[in-house]
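S.K.: Here it is, the structure in full.
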Amino acid sequence: MNGKSQSNPTRRRYLKGGGALIAGGLLAGCTGTNDAIGQRTETGGQTTEPQDGSTTESTEGPYTVSMSPMGNVTFDAVPESVFTVFSQYADMAVALGHGDAVNSVYVPEMFGTTLNHYTHHLDGVSFDWEGLYDPLMASFSKEKLYELDSDVHFADPAWASTQSNWSKSDVEEISDQLAPWFGNFYSGTNGAPPKGYENYDYYTLWELFGKVAAVFQEQARYEALAAVHTDLVSTIQDALPPKAERPTVVRATLAADGEKFYTYHLNKPGYWLADTRPLDANDAFADEDWGGLWGTVDYEAMLEADPDIILHLWGMTPSYSMQKTRKTLEEHSVGSQLSAVKNDRVFAAGMRYQGPLMNLFQIEMGAKQLYPDLFGEWPRYQDGDHYPDIPEDEWLFDRTRVAAIVNREF
């Protein structure tokens, strides 16, 4: 990994389910829904236990992966066609060298364009998103899942049971007749799952990634990428100043009407915060309990909090214009009084629906935006640009190493 010293750091086939299912505005706020590792099993062949705690078999025979809320899920071969809803699973597939297996993802253009803005810096890594099915903006139906005929559904059966025209029996039908569910939604915020799924375990983003890697039988890739992530986080956290000297920060999205903000926490549990939590900044709304994935505040409340920095969620995506956002704030009678606006510290942030590749870049991006004196200045971002070019001696993680892992050249 490239970096400086601490004193100046500048870093498909599904066979069967191994057990019965446990009884069971998207961008603005993002989603209309509310937001112990696997048991050891043996099904023939050699059992292996990856570092993330998943149970898998060798590729010479069926293998089993265990994750809440599905329990044990057995595959007879690596999935070749995978259904995803939230894009962290598509990101994981790309990171593991199986991006071409993805047949669906929420808002393909937004996710695919944004991911490719990041992977622009990873030689030989990209995601072909055009023509993919959007499972939320189209029709999330059993009929469509049968049409797609996927080998695995990277979606949470507990979450699926809450969707319109879906029931627990529909969820079980898909698993029994088509292919398994394999997803964990409520770890996004460590929120309560629906009735019937009380015995629910929570995972971090990288623990979840380890489970997906076991499905693809790509444990070596996972472990190598996880080591990069661990090094990145350690590099940042070892250099952080005392808590009192860290900036106050708000992660927010300016509403389309320009008159309110959707606000999100920084340091709470859950994989939706996997990019901000390692930075451990002072959350200007830390004491607010919004009772869901996000809150809504007006300009006066934002001015009362008056954060040093505003991280504009979705700002790196094609769904928002940072130029327009900054102009709206500067021209607003109250918005113009915000310290972050006056000091030009309103920054484009990435996506909450991040997988491992996005997570690496977004942690680095946040570190530079929040702590430029420690990790180097964040370059000015223009709408539609790729992730900015950063001098190699100011990388917080090694792009060459990550590209080699994804391309299986490590």
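Numbering (our numbering) for the sequence shown: 21 to 430.
Each residue gets a CB set at the ideal place from its N, CA and C atoms; glycine is no exception.
What residue range does the beta strand (DSSP E) around H332 cover?
M.R.: First-last of the beta strand (DSSP E) with H332: 329-332.
S.K.: Within the 8 Å Cβ cut-off, does N363 reach chain D?
M.R.: In the displayed structure, chain D is absent; only one protein chain is listed.
S.K.: Looking at the secondary structure, which residues open and close the alpha helix (DSSP H) in which A246 lies?
M.R.: Start and end: 239-259.
S.K.: Measure the Cβ-Cβ separation of Y328 and A360 and say whether it is below 8 Å.
M.R.: The sequence shown places Asp at residue 328, not Tyr. For D328 and A360, yes; Cβs fall inside 8 Å.
S.K.: I'd like to know whether the C-beta atoms of D101 and D169 end up nearer to each other than 8 Å.
M.R.: Per the sequence shown, the amino acid found at residue 101 is Ser instead of Asp. Yes, these two residues count as a Cβ contact at 8 Å.
S.K.: Compare the Cα-Cα distances from S189 to each of D364, S207, K162, D171 and report the closest residue.
M.R.: When each option's Cα is compared against that of S189, the closest is K162.
S.K.: S86 lies in the beta strand (DSSP E); which residues open and close that run?
M.R.: Its beta strand (DSSP E) spans residues 83-87.
S.K.: Is N123 buried or exposed, if buried means 16 or more other CB atoms sit within 10 Å of its CB?
M.R.: Buried is the call here.
S.K.: Scan the stretch 266-329 and note each continuous alpha helix (DSSP H) run of 4 residues or more that stays entirely inside, going in chain order.
M.R.: Qualifying alpha helix (DSSP H) stretches, in chain order: 319-325.
S.K.: Which partner residues of T139 appear in the DSSP bridge assignment?
M.R.: Looking at the DSSP assignment, T139 forms no beta bridge with any residue, so it has no partner.
S.K.: Where in the stretch 165-227 do unbroken runs of the alpha helix (DSSP H), each at least 4 residues long, occur, reported from the N-terminal end onward?
M.R.: The qualifying runs are 177-180, 188-197.
S.K.: Pull up the distance between the alpha-carbon of D318 and that of D300, whole angstroms please.
M.R.: About 25 Å.
S.K.: Measuring straight from C-alpha to C-alpha, what distance separates G386 and A304?
M.R.: About 16 Å.
S.K.: Just reading off the beta strand (DSSP E) that T94 is part of, what are its end residues?
M.R.: Start and end: 91-95.
S.K.: Please list, in chain order, all residues of the same chain as L333 whose beta carbon is under 6 Å from its beta carbon, the five residues on each side excluded.
M.R.: Hits under 6 Å: R271, T273, A369.
S.K.: So, using beta-carbon positions, are Y401 and Y138 closer together than 8 Å?
M.R.: Not in contact: Y401 and Y138 (Cβ atoms no closer than 8 Å).
S.K.: Pick from Q197, E243, A246, A180: whose alpha carbon is nearest that of P214?
M.R.: Residue A180 is the option with its Cα nearest to P214.
S.K.: Determine the DSSP secondary structure at V105, reduced to helix, strand or coil.
M.R.: V105 falls in the coil class under three-state DSSP.
S.K.: Can you grab the Cα-Cα spacing for the pair N287 / F95, in whole Å?
M.R.: Spanning the two alpha carbons is a distance of roughly 36 Å.
S.K.: Which residues bound the alpha helix (DSSP H) around A423?
M.R.: Unbroken alpha helix (DSSP H) run through A423: 419-426.
S.K.: Need the endpoints of the beta strand (DSSP E) that A368 sits in, please.
M.R.: First-last of the beta strand (DSSP E) with A368: 366-368.
S.K.: Are at least three pairs of beta-carbons, each pair with one atom in the stretch 250-266 and one in the stretch 123-133, less than 8 Å apart?
M.R.: They do not touch, by the three-pair rule.
S.K.: For R297, which residues in the same chain have their Cβ closer than 6 Å to its Cβ, ignoring the five residues on either side in sequence?
M.R.: Excluding positions up to five away in sequence, the list reads N287.
S.K.: Would you say the stretch 227-245 touches the stretch 419-429, given that touching needs at least three Cβ pairs under 8 Å?
M.R.: At 8 Å Cβ cutoff, the stretches touch.
S.K.: Within a Cβ cutoff of 6 Å, which residues of the same chain sit near R365, ignoring the five residues on either side of it in sequence?
M.R.: Cβ within range, chain order: I329.
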